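Here is the structure we will look at.
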Amino acid sequence: MRHMRPIKRALVSVSDKTDIAEFARQLHQRGIEILSTGGTAELIQKSGVPVTLISDYTGFPEMMDGRIKTLHPKVHGG
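Counted the way the numbering used here counts, the sequence shown spans residues -12 to 65.
In structure tokens:
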């Protein structure tokens, strides 16, 4: 059996935010850094879980009124 690399970072961006704060809390408790977009990041942060805005991580703002958020080499290049 191959050894899997541990997950260090997760991108969380959802339209249905039901239970997303608890999901983020579970990730954080496992030592996983959370990157997120606008409204999702706001909800996660309000729940007390540390989160980094994807725009802060990439250094580029959301485009096309927030419809394009994660198309950046820093995200897709791993």
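Positions of the beta carbon are idealized from the N, C-alpha and C atoms, including for glycine. The structure displayed is predicted, hence computed values, not measured ones.
Asked, Found
"Nearest-angstrom beta carbon gap, residue 37 and residue 21 [assumed within contact, 8 angstroms]", "7 angstroms"
"Candidates 40, 15, 45, 17, of which the one nearest residue 26 by Cα", "40"
"According to DSSP, residues forming a beta bridge with residue 139", "Because the chain is modelled from -12 through 65, residue 139 falls outside the range shown and cannot be assessed."
"Whole-Å CB distance - residue 2 paired with residue 24, under 8 angstroms assumed", "Not really, about 10 angstroms apart at Cβ, beyond 8 angstroms."
"Spatial distance of residue 11 from residue 46 (CA atoms)", "23 angstroms"
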